[in-house]
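Single-structure report; data block below.
Protein chains in written order, with our numbering: chain A, 2 to 150; chain B, 475 to 638.
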C-alpha cells in the first residue's frame, strides 16, 4: 500500500489505536460504574453550603445512612423502612460498632419538613446514638475561611 | 515519505487525534466527578433521658446559646432577633463576637477549666443549640446550621424535645 514509506525509513508515527482502545474502555467503565458508586438512593440534599466537614466515612459500606427523600419515606441504605422498623434496623447496624463510631448519617431532602428529621433523630437516640451527621453538599472551590474550632 | 500512495489514490487513514482529545476530556470529567467528596455537619442529639431522673437541681448553664427559628423564618439567638434564614450574617457575626469575648474572658466548657493539654480554642464554651419548629423545611434549618458552623460553633446540638 506504500503506507510505511521506504524500507530504509524508520516509522515516525505513533500508533494511537491501542491508546484509544484503552481510553474507550476506561470511559465506558467509569460511565457504567458511576451510578452504582452512589450509596443509597437519590436525595436532594442541601447544596452549596460553605462549612460542612468532609467525611469519607459516608461512602463506607458499613456506615449507617438514613435517607428521607420525601415526607414519610425513610430509607436505610437502599431499603425502604418505616419508622417502627428503623429502630431495630439501626440497632442491628450499630451492634458491633465501637462506642465512638456510633454515628448515624441523615440524608434528608431540602423540602422535607424538619419534623421528619426529628422523628428519625428520636428513633436513633433511643438506640444510644448521640451523634448524627447531616449530609450536605459542600460548595466547590475554596472553603470559606472558617475560624478554627 | 510516500505516505499518501500515488496522487490518484484516496488516503485510507482516519485522523484519530480529535477523537482522542474528546475521549481524554470526557475521561477526565468522569474521573473528577466520580469521587464526589461527601461532607456533613456533625450535630449532637440528646440521648434518651431516664424519666425518673431528678432534674430539679440541674442548673441552667449561663453560657448556653440557643438559636431558634420561627415558622416565618426569623432567627433568634437566645431572645435577640438576628435576621432571617436567608440572611444569617447577623447571627454569624454575633456568634463570632461572642466566642471572641469568651476567649478573652476565658469562659471554658464545664470540666475543661483545668485541661491545659487541650488547645485553648477547643476549651472555650462554643456549644450552640438549634431549635426549629417541625413544620419548617429541613433545607432552611441546614442553612442556619451552616451559618452557625461558619461562626466557629462546636459542637452544634439539635433540640428535639418540646418542639412546636
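Even glycine gets a Cβ: it sits at the ideal position worked out from N, Cα and C.
Here the stretch 92–104 of chain A does not lie against the stretch 489–500 of chain B, with fewer than 3 beta-carbon pairs under 8 Å apart. Beta bridge pairing from DSSP links residue 631/B with 518/B, 603/B. With fewer than 16 other Cβ atoms inside 10 Å of its own Cβ, residue 487/B counts as exposed. Here residue 629/B is exposed. Its C-beta has fewer than 16 other C-beta atoms within 10 Å. Secondary structure note for residue 541/B: its beta strand (DSSP E) is the uninterrupted segment 539–543. Taking all protein chains in view, the Cβ of residue 13/A is surrounded by fewer than 16 other Cβ atoms within 10 Å, so the residue is classified as exposed. Contact between the stretch 600–616 of chain B and the stretch 541–549 of chain B is established, with three or more Cβ pairs separated by less than 8 Å. Taking a 10 Å sphere around the C-beta of residue 513/B, we find 16 or more other C-beta atoms and assign the residue as buried. In the three-state reduction of the DSSP assignment, residue 72/A falls in the coil class, being assigned neither a helical nor a strand state. Looking only at 579/B, 574/B, 598/B, the smallest Cα-Cα distance to residue 585/B is reached by 598/B.
A distance below 8 Å separates the beta carbons of residue 136/A and residue 107/A. For residue 487/B, there is no enclosing alpha helix (DSSP H), as DSSP marks it with neither H nor E. For residue 70/A and residue 551/B, the gap between their C-alpha atoms comes out near 30 Å.
Contact note: residue 603/B does not reach chain A at a C-beta cutoff of 8 Å; the least C-beta distance is about 13 Å. Remark: three or more beta-carbon pairs, one from each stretch, lie closer than 8 Å, so the stretch 622–636 of chain B and the stretch 560–574 of chain B are flagged as touching. At a beta-carbon threshold of 9 Å, the residues of chain A lying near residue 505/B are 27, 31, ordered along the chain. Neighbours of residue 521/B in chain A, taken as residues whose beta carbon is under 7 Å from its own, are 126, 129, 131 in chain order.
Counting C-beta atoms within 10 angstroms of its own C-beta, residue 11/A has fewer than 16 neighbours from the protein chains shown and is therefore classed as exposed.
Inclusion of residue 75/A and residue 26/A in the CB contact set at 8 Å is not warranted, their separation being larger than that value.
For residue 609/B, the chain A residues whose Cβ falls inside 8 Å of its Cβ are 114, 115, 116, in order along the chain. Interface residue (Cβ-Cβ distance to chain A less than 8 Å): residue 502/B is not classified as such. For residue 619/B, the enclosing alpha helix (DSSP H) has its first and last residue at 612–624. Taking residue 125/A as the centre and dropping the five residues before and after it, the same chain places the C-beta of 67, 87, 88, 91, 105, 133 closer than 8 Å to its C-beta, in chain order.
Residue range 554–558 is occupied by the beta strand (DSSP E) that includes residue 555/B, with no alpha helix (DSSP H) assigned at that position. Residue-level contact by beta carbon holds for residue 110/A and chain B, with a gap shorter than 8 Å. Close partners of residue 592/B in chain A (Cβ separation under 7 Å) are lacking, with about 12 Å as the shortest Cβ gap. Residue 93/A sits exposed, since fewer than 16 C-beta atoms from the chains shown fall within 10 Å of its C-beta. Nearest neighbour of residue 562/B by Cα position, chosen from 579/B, 533/B, 616/B, turns out to be 616/B.
At a cut-off of 8 Å between beta-carbon atoms, residue 542/B makes no contact with chain A.
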